[in-house]
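Report on the following structure.
Protein chains: 4
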Amino acid sequence: MRTADQYLESLRDERTVYYRGERVPDVTRHPVIGVAARHAAIDYELADDSRYRDLAVVSDRDGEYSRYYQIPKTSDDLLKRSALIELATATGGTLVVLIKEIGSDALVALMRVASALDAKYGSSYARRVDEFYQHCRGNDLAVAVAQTDVKGDRSLGPAAQSDPDLYVRIVERRSDGIVVRGAKAHTSVSTNANELIVLPTRAMGEADREYAVSFAVPIATPGLILLASAYDSTGPQSSVVERPISARHKMMETTTVFEDVFVPWERVFLAGEYEFAGPLALAFVEHHRFTAVSYKLPLVDALVGSAMLMADLNGIARAGHVREKLVQLVSYAETLRGLTRYAALRSAPRELGIFVPDPLYVNIAKYHFAHGYHEAVRNVQDIAGGSLVTGPGAEDLAVPETAARYERFYAGRTGVSGKDRLKALSFVRDLVASEFGTYQEVLAVHAEGSLEAEKLMLFRSYDARPALEFVRRLAGLA
Amino acid sequence: MRTADQYLESLRDERTVYYRGERVPDVTRHPVIGVAARHAAIDYELADDSRYRDLAVVSDRDGEYSRYYQIPKTSDDLLKRSALIELATATGGTLVVLIKEIGSDALVALMRVASALDAKYGSSYARRVDEFYQHCRGNDLAVAVAQTDVKGDRSLGPAAQSDPDLYVRIVERRSDGIVVRGAKAHTSVSTNANELIVLPTRAMGEADREYAVSFAVPIATPGLILLASAYDSTGPQSSVVERPISARHKMMETTTVFEDVFVPWERVFLAGEYEFAGPLALAFVEHHRFTAVSYKLPLVDALVGSAMLMADLNGIARAGHVREKLVQLVSYAETLRGLTRYAALRSAPRELGIFVPDPLYVNIAKYHFAHGYHEAVRNVQDIAGGSLVTGPGAEDLAVPETAARYERFYAGRTGVSGKDRLKALSFVRDLVASEFGTYQEVLAVHAEGSLEAEKLMLFRSYDARPALEFVRRLAGLA
Amino acid sequence: MRTADQYLESLRDERTVYYRGERVPDVTRHPVIGVAARHAAIDYELADDSRYRDLAVVSDRDGEYSRYYQIPKTSDDLLKRSALIELATATGGTLVVLIKEIGSDALVALMRVASALDAKYGSSYARRVDEFYQHCRGNDLAVAVAQTDVKGDRSLGPAAQSDPDLYVRIVERRSDGIVVRGAKAHTSVSTNANELIVLPTRAMGEADREYAVSFAVPIATPGLILLASAYDSTGPQSSVVERPISARHKMMETTTVFEDVFVPWERVFLAGEYEFAGPLALAFVEHHRFTAVSYKLPLVDALVGSAMLMADLNGIARAGHVREKLVQLVSYAETLRGLTRYAALRSAPRELGIFVPDPLYVNIAKYHFAHGYHEAVRNVQDIAGGSLVTGPGAEDLAVPETAARYERFYAGRTGVSGKDRLKALSFVRDLVASEFGTYQEVLAVHAEGSLEAEKLMLFRSYDARPALEFVRRLAGLA
Amino acid sequence: MRTADQYLESLRDERTVYYRGERVPDVTRHPVIGVAARHAAIDYELADDSRYRDLAVVSDRDGEYSRYYQIPKTSDDLLKRSALIELATATGGTLVVLIKEIGSDALVALMRVASALDAKYGSSYARRVDEFYQHCRGNDLAVAVAQTDVKGDRSLGPAAQSDPDLYVRIVERRSDGIVVRGAKAHTSVSTNANELIVLPTRAMGEADREYAVSFAVPIATPGLILLASAYDSTGPQSSVVERPISARHKMMETTTVFEDVFVPWERVFLAGEYEFAGPLALAFVEHHRFTAVSYKLPLVDALVGSAMLMADLNGIARAGHVREKLVQLVSYAETLRGLTRYAALRSAPRELGIFVPDPLYVNIAKYHFAHGYHEAVRNVQDIAGGSLVTGPGAEDLAVPETAARYERFYAGRTGVSGKDRLKALSFVRDLVASEFGTYQEVLAVHAEGSLEAEKLMLFRSYDARPALEFVRRLAGLA
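Residue numbers (this note's numbering), protein chains in the order written: chain A, 6 to 483; chain B, 6 to 483; chain C, 6 to 483; chain D, 6 to 483.
Here it is, written out as structure tokens:
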């Protein structure tokens, strides 16, 4: 297993990354992407920390490896994976680390679908996937996943777009591999991963055959161009005094462009079997949305804790309306926790005995989180007070002339110094009233599937027969 | 164990029950209360039914007895109890049976508190409670619980009321027992129970000493007067064609008046130890609110099933807004189920090793149910259509002249006869657009604790330390 | 203008009305429909009451006539009409009277569309409508409107149904008139009206030509069969002590069957001009939905008043959560009032100079009312307490034995007798926890257009250009 | 009247402003505050623009002056004032200008209360206020208002704080004036105003006598120290390509410190008459909250327009769930508009004939806006898509290498270029997914009164008698 330093070292290669119009020579030393890389290193640090080793590392007949790469074969495996994700995200200051979380979700999804593909076509996808899995696990790699195509006209399918490259597609099939072209949006952690797994984004029809493609490539592959998002450039370049979270914790997304990228057959996991595009997309989501609800737990805990802390510091903890809002926040957070855990406890084996968390409860949990996030933020902002957006910057607190005045006039309830209240406000501001804060809002609504996607999957996962039979019986219908 | 007939026979005694101003000579033959008694008999019928015997009956070294009377010593005991409650309520057409459910909650609460009382006072409450428990279990009795006092001015405590009898109190202590006076409101199933357990309704102070009283008496005790509610007299006297649920299923409440009722010491479980009034009230609620979320499950399933059935019969199942409402209903119902089950899985032992469901999740579940019930009803009414309140009565469907026209013009989507759609509408009407329907609305808000009581207990059950420490650490506060 | 007695007398004719399978010989003497007829008479009583005459009666060069029949030509006309509807509904104990309200909405809609029809076809519809209008106004008639067809499969249009009579249609065109067949659902006040106006329910295509029909007939027309709803038979037959509203106030709906009904040409207002079916349906809704938001005002006021009264009687008016719920109720009610009045103030002239309330605000108001009604009911139930469904019947309060106990134990806060609190509870029960209460819930969702219909019309009435241009300009888009 | 340049010139004086620890020599040339000053100049530009002159300028016997300074004496005055505020805010890219809006609200409040003060004390406050009003109006000044004290322990009043300076107070009364000390929070536009009006923040008791103080001073007054907020430093220093709103529009808040500031008696408007502290605070709010709902209109319009624009560009305008969200947004925005206008139409004269908007509807409108803002933002974020937070920066779109790729892969529905969609996304990002976006969220909850303040005032403004009497009459209570 690798250390954090080995991980960071591994990122110094020929990868093509652009940030604000400039090619980035070394992502680990970049003022913004470097923060993201060091944040991602948490997944390596935890495995190296004796306090967390039991949780973070699995030891079995294959040797020691990261628990993220453990194929879940029991409910308890899923609970432990969830606990590790929760720990890593809490260590990451409420921001998911993701560097192993998402890749392992894609790998189990590929395993499940490859076995079905091979059964139908007599292909050898399962072996390829397994070899790639051994490669990732054995070398303790950081893996990104590109799924969402850039899509163009959302009302049209891949083949119906005016520009054929708005979904990633196979443009050439060669004896040694395929050549792919197109672009994916919102690829997380790709700037600081070792490998990139590409998955289809939706169900496809026969016309979309060349769009039904899945594969893996190293990030530093010729023709693979990562256009890093400029979003929230400020946080990572700020003082930790002013931005306690976002100055240290960052996740990068890229628009990921494939300019005739060659992929050898050994790394191709789907190539035209369009009827499996939907199942593969779905299998990934079945695992990844459980990962998602797990890593949202520290975020919602931070909302609850922030509201309770500020209510106390401001001297309003006993006000009826504050109590009401705290109850809403606790209920919001713990409903997410309860449903997440229950989904793991209700997991069931699928292809190859891989345990899949109950999709009904995972999707209810995810929808609950996503739908209620903004209201929870409003409650935290409400309790914290308007000072969230009218307070000092780091320099104000460093210069005696201004610091003394701020520290005096930001005093809270009796016994609470302005200094402490300013620290608390800085944290809460970064959490819910900053560019990082709105990033979390948009992620709530869009990441790991939209609100509508969650509703759809929730509905499909619900077995309506018992309720219908119950009602028909009571109504006297045959 | 008793049969349903034995149970019904046992109700024919000297009990004092009034219904609409008249003394009821035999509750089992009364046109309304008789329906309630036969509904309650379900708890006996299930135990007698070979399909359900394993769930409904426990067999251990003490012999065979109703599972309701099993003291929960594991999470699995709670899950099975919950499953039995769910089964009984489903058999009861969405209406809880309660005749053993509530009494057993009170008994375990009394056991827990009696052990603490004896530890403090060297009293023998534990023995008394146990003997009464053996009596109920051994004779397979139906037991009601009177907790909520009539209360008068809600902003004042028991001793501060202008009329001293607005909370039940001890008016005399004799060598052989106590004499109690006052009245309790909303006592469910008392008209058709064998025994009545009385519990205090709230925490009390020294001034309320004589109001800190708990005991049990047979229903047919002199001075115990049951004023039966006149609410929904119509349902039980209607045709099952018109009211498929409420014509067969009924729960009675009484205003329960104690006119100098004598209680022998053997049946007294609290008598002045006012500091235990709150803990006893709370212990009951800890168990009973879990019972409550368990018996709400068939009700919410019926809402989901009704909406799905009517969407299908009306030919609107594919409309976007209908799909949206079905998703809301599924999410509402299954969040309740998930949190209820998770609360049982998270149960922990308390006094005497009795397992208590996790009060945080129980109260979140109960609040979720109660807060969302009316919106769920709105969604069902919305999908079912205005015909809920403009349709025929039972006679209209019996007379050919009107029946033929109704059956023709109530046809639904292709393939759905008017006859079937009328049956479905009758059921859904009874469920959500009838006096029975509003009864369920009011129960949702008030029964087993109000919305505010649930929020309060939810908040108190929440361990805020982890969230606060997490936030303080991230904010850089000591 | 007619007196209430003249109105009631006019209902004693050959009309064919069935109630619970039996033909009703005289609707005014029927134990249920008679209540509805006397309730409807309010519209006549008000005109006869010197306190309200100025509001209820218009006097112009055509003489004196009911304000309901005044064609709105200014915003003030609409405000006065709204005020009269509000007054009549408040007099009706929160239940709309409707006997002139709905017919006059249909008449102005017919006037508007007839002028367009004549312009296109050179027909004489406008004259026919005007003559019928003069007939209604001059004779001060009570007029019902049948619009919603029974519809069968809601996903199919009129002509596509398996049974051709699921929408009302022309089956024969004769020299002297047309013959119509089919059935309409949910026709309000038809049992106790003089005339029935029939309108199409939706936009239609060429295939639906014979379904594009509008006309008026006297209620006592051969072949016109009214199947009266059996819903809430109990209220009108109850004691006013137990049901202060529904024992006195009732609205009847019918399934209205046309068995080859002949309509002379003079009474035909649309006969095959299918492209006007949609506009006519819409024009009616433009007026009638404003009528609807006007008559919902006393209902929402009663919710606010009930909650405030019960909060006071129970001694909880100062509790934080009660205050919060009262605020929600006030905000709910007054948002409806504000939007309703603003819609009238923003009205604008359309065909023939007829003023139409601003459909955007009318539909926002209606949707606001309909979407929030159940939550408002929940708040009232919450504050009123569980006694809503566990209290006495009328007989309990008449017999001294039970009355004395109830009156003692239902005492409220200091100074509030049980007698008064019982009266208040009876009223609130009838309003929000009775069959009448659920009737109002279902009406909220379905009457005068469903939630979805309101959203659709709201969206269509919104002029998106200013907001789009504003945003495009700020975004730098041409 | 002054030009924008004259206004900017007037800001170059001896004012003491700190920004990020540094004293600012010239606010108009500061990279951040300068943006705020130029934004504020809009109020001067509009008056100078012939298109808007009729709205922005009043001409009466006193000559020409800004409409902001017109004392409202009719409903129409209020409607015009509201329209001007709406226009200025729209011109300001959804951000209120405030530089005359807030000061004029304070001035009319002072006029109203001064007349009452003089009536009670025979003082000459009214004359002082009027002279200061003439000064502001005659010189066309920019005026800030400091109301909210820094407050310390929110559960304690001014005099009960451990530090006596946590509310602004009189520390010395001299023959020529008073000396004040303390600090106010959240003072908007003070960095770029000419005058500062100080108002008390709450009702006060006798112990708080020296905290009951109101006065006005020029910004460049010795001892007056403005600590400018560091919030959103990024926006004003960014490219307009990346931040179309916040690069050009900015409002500054300060923590406003009074270090023994001398105020001559002519500028003192309250000095110890503690029973008028509450009425003055309230009077200001009565006017300012109407100003607030007026300037929120362009913001909510921008939310609606953004959602509609993005739905169109993304090709999802016809999706059912998108339609539903657009309806919610339209309803949200237009309910605010309807209630705001209705509040003006329902205004009534108070002291000195000054028209006050109906506080019931103003507060319902404000609460509606504030409570629903986050949900509205969620809907916009939902429709706009995840690209809000994963897209390019300004440099990416300037460099051909990256620009070409972004422009290709950000194409929208057929006919929509990536270039246009990128522009739209930049705007929507700035509006709802940026530090400026969260600024608006926090303002929604806190500015011009918190959610709780609005609920309290709404409740107090409601005349409950009609609803209570209606209900009591129906219930048969005397």
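Heads up, the beta-carbon is just placed ideally off N, CA and C, and yes, glycines get one too.
C-beta neighbour in chain B for residue i, strict 7 Å
| i | result |
| --- | --- |
| A:LEU473 | yes |
| A:GLY343 | yes |
| C:TYR23 | yes |
| A:VAL118 | no |
CB contact check: residue i to chain D, cutoff 7 Å
| i | result |
| --- | --- |
| C:THR79 | no |
| A:GLN386 | yes |
Chain A within 7 Å of residue i, Cβ atoms only
| i | result |
| --- | --- |
| C:GLY97 | no |
| B:PHE544 | Because chain B is modelled from 6 through 483, residue 544 of chain B falls outside the range shown and cannot be assessed. |
Contacting residues, own chain, Cβ-Cβ under 7 Å from residue i (five flanking each side not counted)
| i | result |
| --- | --- |
| B:VAL246 | ALA399, LEU402 and SER431 |
| C:THR196 | VAL22, VAL32, ILE38, ALA41, LEU231, ALA233, MET257 and THR259 |
| B:LEU161 | none |
| D:ASP237 | SER251, GLU440, PHE441 and TYR444 |
Below-7 Å beta-carbon distance, residue i vs any chain C residue
| i | result |
| --- | --- |
| A:GLY325 | yes |
Partner residues on chain A for residue i, Cβ-Cβ distance less than 8 Å
| i | result |
| --- | --- |
| B:HIS373 | SER336 and THR340 |
Residue i beta carbon near the ligand SAM (any heavy atom closer than 6 Å)
| i | result |
| --- | --- |
| D:ALA124 | This structure lacks the ligand SAM, and indeed carries no ligand of any kind. |
Own chain residues within Cβ distance below 8 Å of residue i, not counting five before or after
| i | result |
| --- | --- |
| D:GLU19 | ALA225 |
| D:VAL273 | ARG133, GLY182, ILE183, VAL218, SER219 and PHE220 |
Terminal residues of the alpha helix (DSSP H) in which residue i lies
| i | result |
| --- | --- |
| B:PHE274 | Looking at the DSSP string, B:PHE274 is not in any alpha helix (DSSP H); the run it does join, the beta strand (DSSP E), is 273-276. |
| C:ILE175 | C:ILE175 -> not in any alpha helix (DSSP H); beta strand (DSSP E) instead, spanning 174-178. |
Partner residues on chain D for residue i, Cβ-Cβ distance less than 8 Å
| i | result |
| --- | --- |
| A:ILE503 | Absent from the model: residue 503 of chain A. The displayed extent of chain A is 6 to 483, so no value can be given. |
| C:PRO249 | LEU479, ALA480 and GLY481 |
For residue i, the first and last residue of its enclosing beta strand (DSSP E)
| i | result |
| --- | --- |
| C:ALA190 | 182-193 |
| A:VAL63 | 62-65 |
Neighbour list for residue i in chain B, Cβ cutoff strictly below 8 Å
| i | result |
| --- | --- |
| C:HIS379 | HIS379, GLU380, VAL382 and ARG383 |
Neighbouring residues, chain C, relative to residue i (Cβ below 7 Å)
| i | result |
| --- | --- |
| B:GLY454 | Neighbours of B:GLY454 on chain C: none; closest Cβ ~11 Å, over 7 Å. |
Own chain residues within Cβ distance below 6 Å of residue i, not counting five before or after
| i | result |
| --- | --- |
| A:ARG248 | GLY240 and ASP435 |
| C:GLY283 | ALA208 |
Closer than 8 Å between beta carbons: that is the criterion. Which residues of the region 289-314 of chain B meet it against chain A?
Answer set for the region 289-314 of chain B: PRO303, ASP306, ALA307, VAL309, GLY310, SER311, MET313 and LEU314.
If the cut-off is 7 Å on Cβ atoms, which residues from the region 355-372 of chain A count as contacting chain B, listed in chain order?
Listed in sequence order: LEU365, TYR366, ILE369 and TYR372.
When you check each C-beta in the region 119-145 of chain B against every C-beta of chain A, which residues fall closer than 9 Å?
Result list empty, no residue passes.
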